[in-house]
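One structure below.
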Amino acid sequence: MTKEVWRFIDSKEGSPSFNMALDEALLDWNSEGKMPPVIRFYGWNPATLSIGYFQKVEKEIDMEAVKQHGLGFVRRPTGGRGVLHEHELTYSVIVPEAHPEMPNTVTEAYRVISEGILKGFHGLGMEAYFAVPKTAEERDSLKNPRSAVCFDAPSWYELVVEGRKVAGSAQTRQKGVILQHGSILLDLDEDKLFSLFKYPNDRVKERMQKAFKNKAVAINELTTEKITLDQAKAAFKKGFEEGLNIELEPYKLTDEEMAYVQKIAKERYESDDWNYKR
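Numbering (full-length UniProt numbering), first residue to last: 1 to 278.
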């Protein structure tokens, strides 16, 4: 059996607006039949706080702190909560909803796609597994997350190591295409992360940050030898190939494609209307 060939794009570090625009452009091209399914790896320059499509900036985000830390800021086209993109490998997967291997439900498709990430963790020698909420209480807490911080909340088929979340992902479906992107944490500055959100008072913030330590963890807190970004890329690229039973073929954008991405970046993801108004 020959394996299906998907494209692989490592776009290195990009600006917040470029990163979101390229994910959107890949979704457009896939929808129009111009591009097969794609797996993309990327980083952020500057380090960036991204927020979910439905989050309210005024209510949840301390924009002064975002500026003080010199961070970029962007609203994602996907749901979910705030993510500090700093010491991480960010991935995105773009695949048609009608793909024969893709289940109809968001939850099940999420599990299939995340199989690639699971295999990546195994390739790094880590005992990662999918956590599934078992009790009614756990399931209810998924519907009403109390925190604006992404890694603070469990969700269906979350990837965990030693009971703590190691990767956070979000998904949207538009134009008949699934876009799932997410963060694989190599290291994490918790103090910086928690300074970016608004809380009713300091006591609540302290309590949440303390609880967070039991819920989320970065890869390099769990390994004796430090995992580099290049090692992570190699492991997760192989993980996606194994987990999705595909072959990844490197691809570089044409000048014309790049111009389309820059246009979306400027018109949408650099716009205050998009980033701040909800």
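Note that CB positions come from ideal geometry on N, CA and C, so glycine has one too.
The straight-line gap separating the alpha-carbon atoms of G163 and I117 is approximately 16 Å. Leaving aside the five residues that flank V112 on each side, the residues in its chain whose CB is nearer than 8 Å to its CB run, in chain order, E101, M102, P103 and L244. Judged by DSSP secondary structure, I264 falls outside any beta strand (DSSP E) and instead within the alpha helix (DSSP H) spanning D255 to I264. Counting along the chain, the unbroken beta strand (DSSP E) around D10 starts and ends at E4 to G14. In the DSSP annotation of this structure, the continuous segment of the beta strand (DSSP E) that includes I246 starts and ends at I246 to P250.
With respect to A234, L186 sits apart: the two C-beta atoms are not nearer than 8 Å.
Put simply, the backbone Cα of R40 is about 26 Å away from that of E190. Here the alpha carbon of D272 sits roughly 12 Å from the alpha carbon of S17. Contact check for K3 against G43 fails: the beta carbons are separated by 8 Å or more. Between the segment 54–66 and the segment 168–176 there are fewer than three inter-stretch CB-CB distances shorter than 8 Å, so the stretches are not counted as touching. By the neighbour-count definition (other C-beta atoms within 10 Å, threshold 16), M1 is an exposed residue. With respect to the C-alpha of S50, the residue from I264, E115, H85 and Y110 having the closest C-alpha is H85. Distance from the CA atom of F194 to the CA atom of V74, rounded to whole angstroms, is 17 Å. When secondary structure is reduced to three states using DSSP, F194 falls in the helix class.
In the assembly as shown, D23 is a buried residue. Its beta-carbon has 16 or more other beta-carbons within 10 Å.
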